[in-house]
Amino acid sequence: MTLRAGQLRAAARLVGVRIEVPEPRTGRALAWMRALDERLKTLTPLGLVAVQGASVELPDGDGATPGLVVCPVGFLASDERLLHPRIVRLVAEVTELPGTPPAWAAEVRVRACLLVDPRDGGWALWTRPGPGRRYRQVERGPWCAPLPPDCLFADAG
């Protein structure tokens, strides 16, 4: 039997379980993600690549799938389904909550998390993951402002 997301949520409610299934991205969010992908190409060092749809491994063996992941280009030739967080240089997401980076990213110590607000293109770059599932540093800017050139070289902590 195959259940769609809405059916899965309904079935989970029957047994008292809450399942979080991400909502499909809007066309506007996908357009911003495409623009971000193009922009990151100018910053991505040799040996790294921006990938949409890649998942980052979580401690429970599951994966989180942000809008875009910058990782070693070798991942594209592998049979791996999940990227180990230590090799991920940056995760990016288009969200209307740029002041709230995903807790999972800091928890697994992804080096940098870039959030873009689709309402105005403003961005927030969260770096230096620390204790308590939080990032210790944030830089913000409008879409027209350059991203910090070292954002893909952020220290893991």
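With this note's numbering applied, the sequence shown closes on residue 159, and no number is skipped along the way. Glycine included, C-beta positions come from ideal geometry on N, C-alpha and C. These numbers come from a predicted model, not from an experiment.
Residue burial classification, residue i (beta-carbon count within 10 angstroms, cutoff 16)
| i | result |
| --- | --- |
| alanine 126 | buried |
| aspartate 119 | buried |
| proline 61 | exposed |
| alanine 13 | exposed |
| leucine 16 | exposed |
| arginine 30 | exposed |
| cysteine 146 | exposed |
| leucine 48 | exposed |
| leucine 50 | buried |
| proline 100 | buried |
| proline 144 | exposed |
Beta-ladder partner(s) of residue i, from DSSP
| i | result |
| --- | --- |
| alanine 56 | According to DSSP, alanine 56 bridges with nothing at all. |
| arginine 135 | BP columns for arginine 135 are empty, so no partner. |
| leucine 70 | Ala94 |
| valine 51 | Cys73 |
| glycine 65 | Glu59 |
| leucine 127 | Leu116, Glu141 |
Inter-residue CB distance, residue i and residue j (contact presumed, cutoff 8 Å)
| i | j | result |
| --- | --- | --- |
| alanine 94 | glycine 69 | 6 Å |
| leucine 116 | leucine 92 | 6 Å |
| valine 140 | valine 58 | Wrong, their Cβ atoms sit about 20 Å apart, outside the cutoff. |
| valine 71 | valine 53 | 5 Å |
Extent of the continuous beta strand (DSSP E) to which residue i belongs
| i | result |
| --- | --- |
| tryptophan 145 | It is not in any beta strand (DSSP E) - tryptophan 145 carries neither H nor E in the DSSP assignment. |
| glutamate 95 | 92 to 96 |
| proline 114 | What sits at residue 114 in the sequence shown is alanine, not proline. 114 to 118 is the extent of the beta strand (DSSP E) around alanine 114. |
N-terminal and C-terminal residue of the alpha helix (DSSP H) that residue i is part of
| i | result |
| --- | --- |
| arginine 27 | That residue, arginine 27, is in no alpha helix (DSSP H); it is neither H nor E in DSSP. |
| glutamate 109 | 105 to 109 |
Proximity test, residue i beta-carbon vs the ligand GDP heavy atom, cut-off 7 Å
| i | result |
| --- | --- |
| proline 68 | By its list of ligands, the structure shown contains no ligand whatsoever, and the ligand GDP lies outside what it can speak to. |
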